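For reference, the structure is listed below as structure tokens.
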Amino acid sequence: MKKILLFTALLFFVTNLFSQENLAEIKFTETVIDYGVIENGEDGNRIFKFKNIGNSPLIFTRIFSSCGCTIPKKPEKPVLPGESGEIEVSYDTKRTGIFQKAITVRSNAKTTNIILRIKGEVLPEPDEDEEGKKDKIK
Numbered sequence: 724m725k726k727i728l729l730f731t732a733l734l735f736f737v738t739n740l741f742s743q744e745n746l747a748e749i750k751f752t753e754t755v756i757d758y759g760v761i762e763n764g765e766d767g768n769r770i771f772k773f774k775n776i777g778n779s780p781l782i783f784t785r786i787f788s789s790c791g792c793t794i795p796k797k798p799e800k801p802v803l804p805g806e807s808g809e810i811e812v813s814y815d816t817k818r819t820g821i822f823q824k825a826i827t828v829r830s831n832a833k834t835t836n837i838i839l840r841i842k843g844e845v846l847p848e849p850d851e852d853e854e855g856k857k858d859k860i861k
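With our numbering as the guide, the letters of the sequence shown map in order to residues 724 to 861.
What follows is the structure, encoded as structure tokens:
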């Protein structure tokens with residue numbers, strides 16, 4: 724009985740030792756993008772770059788944001804092991820003020836949910852009357 728138990732334990736150990744996980748794994752170059760202070764209506768597109776460092780194709784199942792003002796675009800094709808890709812995010816820069824938004828990335832990767840963040844501040848549109856007054860003062 725001890726021999727069977729020992730053999731089973733040894734077999735389990737050897738199997739786990741030599742088995743290789745067939746999982747995709749995402750490594751982002753950055754998980755937070757800071758827009759800084761930007762003008763109203765300025766370009767709101769930014770890109771999160773990543774690489775599949777796993778040993779299986781990376782497939783994105785869903786990418787969504789915490790607000791309708793932020794639109795992420797997911798890669799349509801699987802990203803093969805060793806390849807890089809991008810997730811484009813577009814923020815509506817007509818919304819003034821400080822912002823901080825989350826983008827949830829769901830995939831078949833080792834870490835199934837990853838949270839990306841964008842932040843910054845959009846300045847209000849200059850008031851035409853105020854600009855006219857400033858020009859007259861000069």
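Heads up, the beta-carbon is just placed ideally off N, CA and C, and yes, glycines get one too. Owing to the predicted nature of the structure, the values given are computational and were not obtained by experimental measurement.
(1) Can you list, in chain order, the residues of its chain whose CB lies under 8 Å from that of L824, leaving out five sequence neighbours each side?
(2) Run the CB neighbour count on V760, radius 10 Å, all protein chains shown included, and call it buried at 16 or more, exposed below.
(3) Do you know offhand how far N836's Cα is from F783's?
(4) Between R829 and R785, what straight-line distance do the alpha-carbon atoms span, to the nearest angstrom?
(5) Would you tell me roughly how many angstroms separate the C-alpha atoms of K772 and D850, rounded to the nearest one?
(6) Are N778 and I749 closer than 8 Å when you measure CB to CB?
(7) So what does DSSP say about N768, is it helix, strand or coil?
(8) Tell me the rounded alpha-carbon separation between D757 and V802.
(9) Just list the beta strand (DSSP E) runs in the segment 748-822, keeping only unbroken ones of 3 residues or longer that don't cross its boundaries, in chain order.
Inspection of the coordinates gives the following:
(1) Before going on, a small fix: residue 824 reads as Lys here, not Leu. Closer than 8 Å at Cβ, skipping near neighbours: S788, S789, C790, C792, T793, Y814, R840, I841 and K842.
(2) exposed
(3) 10 Å
(4) 5 Å
(5) 37 Å
(6) no
(7) strand
(8) 26 Å
(9) 749-751, 755-761, 768-775, 783-788, 793-796 and 807-814
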